[in-house]
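Have a look at the structure below, then the notes.
Protein chains: 2
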Amino acid sequence: MKTYLDCIPCFYKQALVAARKSGAGMAEQKEILDRVARIIPEFPLSKPPVEMARHIYGMIRERTGVEDPYRKEKEKSNRMAMDIYPELKSRVESSADPLLNAAELAIAGNIIDYVSKDALDLEGELSRIISTEKESIERESSRDFDYRGFREQLGRSGTILYLADNAGETVFDRVLIEEMKSMGEEKEIIYAVKERPIINDAVMEDALFCGLDKAARVISSGSDVPGTVLDFCSDEFLEIFREADLIISKGQGNFEALSGVSAPVYYLFLVKCPVIADEAGCDLGDVILRR
Amino acid sequence: MKTYLDCIPCFYKQALVAARKSGAGMAEQKEILDRVARIIPEFPLSKPPVEMARHIYGMIRERTGVEDPYRKEKEKSNRMAMDIYPELKSRVESSADPLLNAAELAIAGNIIDYVSKDALDLEGELSRIISTEKESIERESSRDFDYRGFREQLGRSGTILYLADNAGETVFDRVLIEEMKSMGEEKEIIYAVKERPIINDAVMEDALFCGLDKAARVISSGSDVPGTVLDFCSDEFLEIFREADLIISKGQGNFEALSGVSAPVYYLFLVKCPVIADEAGCDLGDVILRR
Chain A
1 MKTYLDCIPC FYKQALVAAR KSGAGMAEQK EILDRVARII PEFPLSKPPV
51 EMARHIYGMI RERTGVEDPY RKEKEKSNRM AMDIYPELKS RVESSADPLL
101 NAAELAIAGN IIDYVSKDAL DLEGELSRII STEKESIERE SSRDFDYRGF
151 REQLGRSGTI LYLADNAGET VFDRVLIEEM KSMGEEKEII YAVKERPIIN
201 DAVMEDALFC GLDKAARVIS SGSDVPGTVL DFCSDEFLEI FREADLIISK
251 GQGNFEALSG VSAPVYYLFL VKCPVIADEA GCDLGDVILR R
Chain B
1001 MKTYLDCIPC FYKQALVAAR KSGAGMAEQK EILDRVARII PEFPLSKPPV
1051 EMARHIYGMI RERTGVEDPY RKEKEKSNRM AMDIYPELKS RVESSADPLL
1101 NAAELAIAGN IIDYVSKDAL DLEGELSRII STEKESIERE SSRDFDYRGF
1151 REQLGRSGTI LYLADNAGET VFDRVLIEEM KSMGEEKEII YAVKERPIIN
1201 DAVMEDALFC GLDKAARVIS SGSDVPGTVL DFCSDEFLEI FREADLIISK
1251 GQGNFEALSG VSAPVYYLFL VKCPVIADEA GCDLGDVILR R
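Protein chains in written order, with our numbering: chain A, 1 to 291; chain B, 1001 to 1291.
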């Protein structure tokens, strides 16, 4: 997906937030915004927004010397999500269609950045997002939620590459992966996180904390773009990407990065940005599961 | 009020909206954003945001050759508000405290930029904002809504300068001005609009369309800053400003421009921006009437 002009004001906003999270003072925050003002005009809009984001966050890291400004937030998300892991598991196991329920949960886990206080809030949010049985049926008939196609493709696939999005959300991914594995057949599932901290994206540390290694082979994409832009990925990752029978792409960043790529990708995400809503032809807040 | 770093992303957003309203194509929109990226780093944050806004909108006007991109919108707002003028009048006249009701309406009229469809929508929005009798009493005891002080100051004032904000909202100002004049005493009320089109701010044409000349002496501030920054105003205006017993300042832009100035100003506005909410120590959506 290309970068839209509407992404530009958002880059400045993100830069300001990241500068503050990195502990920059007022003058340094201003200097960072001035640097963004020099970077953006040079950036080709033909590239996806996540590439510009990588550039901006990298500049802020260099300027402030803070490698991982979202560390604390990520740890909190991980803990919050791990706290409700047993609850998630029993919810899935007791549902009429555990795979559907786990897929919905995995998408809903995408909301974790917005939940601030505690696990209780998170559960509340999830109840709001997860469909009732009736809604599930409606969803299944929408073109944005192709659960039947996903299930069929999954049934046919031996090697599955699962592209992680945020820390904390990883726990929800684990629940879906465990459900996929319980489908009986021998499946190899590879879970790919980012190589280096970028925003609140999961890195190896987050995946291990959330026990993803108990459910899948955890690898790094080799990149610190907050979305899987293939040009930035390692050769090892690219080999797996090319050979996978099914690629599960979580979150908006991965959608941005891969939406033009020809590969057996199913996108699972919550639409949180108006530009992505336009690009994907859906509405803010929509729950997406589609090729 | 100074410019906050949080205003910076918003300037880009506003520039993009204005470029589009001016009919700029994609390449021209991009060029405008690139120009903004050159202007903003040079702008001293000690000045109020409305000064930067004037600079940006001026650049877009020069670049696109479109003098008044908000013209149609302003005309629509004027017509919508004039359509409900009789209704506003009868509402005020039948209320327990007509001056209070008119003041609340004048503040609520500030919502007009957000109302898109028709006069019916506008009436709905107003009903939502205008207080019930009970709410009025609560409001009177809040430090942000000093109606008693306003009424007393009004009673003592012979010359009143009323600083307009948006087109359409002018009709609501007219209702308040007519109520002020019906207080019996001989009052001279001067209504000041912007000299040249800037965003959706009212200019002479809007004031005349809405019949403000029937209620007040209509003048121009001599400036095209979307807020009354005194350095940019005409000598004629400044003389009136200095001699007025009471200055009624409508909208956020005028608050930004005057919040550091020593003068007998009452601010009437709806808090629509988080930065202004911080500066004024109140919440988004608050209804403000205070010195």
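Think of the CB as a built atom: it goes at the ideal place given N, C-alpha and C, for glycine as much as any other residue.
Report task. Drop a sphere of 10 angstroms on the beta-carbon of Arg54(A), count the other beta-carbons inside from all chains shown, and report buried for 16 or more, exposed for fewer. Result -> Your numbering for residue 54(A) matches position 54 in the first sequence. Around the CB of Arg54(A), 16 or more other CB atoms lie within 10 Å, so the residue is classed as buried.
Report task. Write down the C-beta distance between Val193(A) and Tyr85(A) rounded to the nearest angstrom, noting that I regard them as a contact closer than 8 Å. Result -> The residue you call residue 193(A) lines up with position 193 of the first sequence. The residue you call residue 85(A) lines up with position 85 of the first sequence. Contact flag wrong, Cβ pair sits at about 18 Å.
Query raised in the report: Within the chosen definition, does the region 158 to 166 of chain A reach the region 1003 to 1014 of chain B through at least 3 CB pairs nearer than 8 Å?
Result: No, the region 158 to 166 of chain A does not touch the region 1003 to 1014 of chain B.
**Report entry** C-beta neighbour in chain A for Ala1277(B), strict 7 Å
**Finding:** By one-based count along the second sequence, residue 1277(B) stands at place 277. No, Ala1277(B) does not count as interfacial toward chain A.
Query - Interface partners of Pro1041(B) on chain A, CB under 7 Å - result: Locating residue 1041(B) in the second sequence gives position 41, counting from the first residue. For the C-beta of Pro1041(B), the chain A residues within less than 7 Å are, from N- to C-terminus, Asp34 and Ala37.
**Report entry** Ser1090(B) to Glu73(A) span [Cα, whole Å]
**Finding:** Residue numbering aside, residue 1090(B) sits at position 90 when the second sequence is read from its first letter. Residue numbering aside, residue 73(A) sits at position 73 when the first sequence is read from its first letter. Between the alpha carbons of Ser1090(B) and Glu73(A) lies a gap of roughly 55 Å.
Requested in this report: State buried or exposed for Asp173(A), treating a residue as buried only when at least 16 other CB atoms are found within 10 Å of its CB.
Outcome: The residue you call residue 173(A) lines up with position 173 of the first sequence. Classification for Asp173(A): buried.
Report task. Quick one: list the residues of chain A neighbouring Leu1016(B), beta-carbon separation under 8 Å, in chain order. Result -> Residue 1016(B) sits at position 16 when you count from the first residue of the second sequence. Listed along the chain, the chain A residues whose CB falls inside 8 Å of the CB of Leu1016(B) are Leu5, Asp6, Ile8 and Pro9.
Query raised in the report: If you check the beta carbons only, do Pro9(A) and Pro1009(B) fall under 7 Å apart?
Result: The sequence position of residue 9(A) within the first sequence is 9, counting from 1. The sequence position of residue 1009(B) within the second sequence is 9, counting from 1. In this structure, Pro1009(B) lies closer than 7 Å to Pro9(A) by Cβ.
Report task. Can you have a look at Met180(A) and say buried or exposed, based on whether 16 or more other CB atoms are within 10 angstroms of its CB? Result -> The residue labelled residue 180(A) in the question sits at position 180 within the first sequence. With at least 16 other beta carbons inside 10 angstroms of its own, Met180(A) counts as buried.
Requested in this report: Flag this pair as yes or no: are the beta carbons of Ser1157(B) and Leu1100(B) separated by less than 7 Å?
Outcome: Walking along the second sequence from the start, residue 1157(B) turns up at place 157. Walking along the second sequence from the start, residue 1100(B) turns up at place 100. Contact flag unset, no.
Query raised in the report: If you draw a straight line from the alpha carbon of Phe1237(B) to that of Ala1257(B), how long is it in whole angstroms?
Result: On the second sequence, residue 1237(B) is found 237 positions in, with the first residue counted as 1. On the second sequence, residue 1257(B) is found 257 positions in, with the first residue counted as 1. Whole-angstrom Cα-Cα distance: 15 Å.
**Report entry** Closer than 7 Å to chain A by CB, Lys1021(B)
**Finding:** To locate residue 1021(B), count along the second sequence from 1; it is residue 21. Judged by the 7 Å Cβ criterion, Lys1021(B) is not in contact with chain A.
Requested in this report: Name the residue from Glu1087(B), Val1229(B) and Leu1122(B) whose alpha carbon lies nearest to the alpha carbon of Phe1241(B).
Outcome: One-based indexing of the second sequence puts residue 1241(B) at position 241. The shortest Cα separation from Phe1241(B) among Glu1087(B), Val1229(B) and Leu1122(B) belongs to Val1229(B).
Query raised in the report: For Pro197(A), which of Ala27(A), Arg61(A) and Ser94(A) has the nearest alpha-carbon?
Result: For the purposes of this step, residue 197(A) is identified with residue 197 of the first sequence, where counting begins at 1. The residue among Ala27(A), Arg61(A) and Ser94(A) with its C-alpha nearest the C-alpha of Pro197(A) is Arg61(A).
Query raised in the report: Between the region 241 to 253 of chain A and chain B, which residues of the former have CB atoms less than 9 Å from a CB of the latter, in chain order?
Result: When CB distances to chain B are screened at a threshold of 9 Å, not a single residue of the region 241 to 253 of chain A falls below it.
Report task. Count the other CB atoms, across all protein chains shown, that sit within 10 Å of the CB of Asp224(A); report buried if there are 16 or more and exposed otherwise. Result -> By one-based count along the first sequence, residue 224(A) stands at place 224. Burial check for Asp224(A): the Cβ neighbour count within 10 Å reaches 16 or more, so the residue is buried.
Report task. Please name the residues in the region 45 to 56 of chain A whose beta-carbon is closer than 9 Å to at least one beta-carbon of chain B, in chain order. Result -> The residues in question are Leu45.
Query raised in the report: Taking Cβ-Cβ distances below 7 Å as the criterion, which residues of the region 1074 to 1104 of chain B are in contact with chain A?
Result: Answer in chain order: no residues at all.
Query raised in the report: So is Tyr1299(B) in contact with chain A if we call contact Cβ pairs under 7 Å?
Result: Any answer about residue 1299(B) is impossible in this case: the structure gives chain B only from 1001 up to 1291.
Requested in this report: Just the chain B side, please: which residues come within less than 7 Å of Tyr12(A) by C-beta, in chain order?
Outcome: Numbered from 1 along the first sequence, position 12 holds the residue referred to as residue 12(A). Neighbours of Tyr12(A) on chain B, chain order: Ile1008, Pro1009 and Tyr1012.
Requested in this report: Please report how far the alpha carbon of Leu1268(B) lies from the alpha carbon of Ile1107(B), in whole angstroms.
Outcome: Walking along the second sequence from the start, residue 1268(B) turns up at place 268. Walking along the second sequence from the start, residue 1107(B) turns up at place 107. Spanning the two alpha carbons is a distance of roughly 6 Å.
Query raised in the report: Using a Cβ-Cβ cut-off of 6 Å (strictly less than) and excluding sequence neighbours within five positions of Leu1126(B), which residues of its own chain qualify?
Result: Start at 1 with the first residue of the second sequence, and residue 1126(B) comes out as number 126. Correct list, in chain order: Ala1108.
Query raised in the report: Relative to the alpha-carbon of Glu1067(B), which residue among Val1287(B), Val1203(B), Arg1291(B) and Lys1002(B) has its alpha-carbon at the smallest distance?
Result: The residue given as residue 1067(B) occupies position 67 in the second sequence. The candidate whose alpha carbon is nearest that of Glu1067(B) is Val1203(B).
Query raised in the report: If you draw a straight line from the C-alpha of Gly1124(B) to the C-alpha of Cys1233(B), how long is it?
Result: On the second sequence, position 124 is the one that residue 1124(B) refers to. On the second sequence, position 233 is the one that residue 1233(B) refers to. So the alpha carbons of these two residues sit roughly 37 Å apart.
Query raised in the report: In or out: Gly1253(B) buried (at least 16 other Cβ within 10 Å) or exposed?
Result: Here residue 1253(B) refers to the residue found at position 253 when the second sequence is read from its first residue. Classification for Gly1253(B): buried.
Requested in this report: Enumerate in chain order the residues of its own chain whose CB-to-CB distance from Gln153(A) is below 6 Å, with the five nearest sequence positions on each side excluded.
Outcome: Counting from 1 along the first sequence, the entry for residue 153(A) is found at position 153. Exclusion of the five residues before and after Gln153(A) leaves Leu246 as the residues of its chain whose Cβ lies within less than 6 Å of its Cβ.
Report task. Determine the DSSP secondary structure at Leu1289(B), reduced to helix, strand or coil. Result -> Translated into positions along the second sequence, residue 1289(B) becomes position 289. Of the three classes helix, strand and coil, the one that applies to Leu1289(B) here is strand, per DSSP.
Query - Range of the contiguous beta strand (DSSP E) that encloses Glu1188(B) - result: What you label residue 1188(B) is simply residue 188 of the second sequence in a count that begins at 1. For Glu1188(B), the enclosing beta strand (DSSP E) stretches over residues Glu1188 to Val1193.
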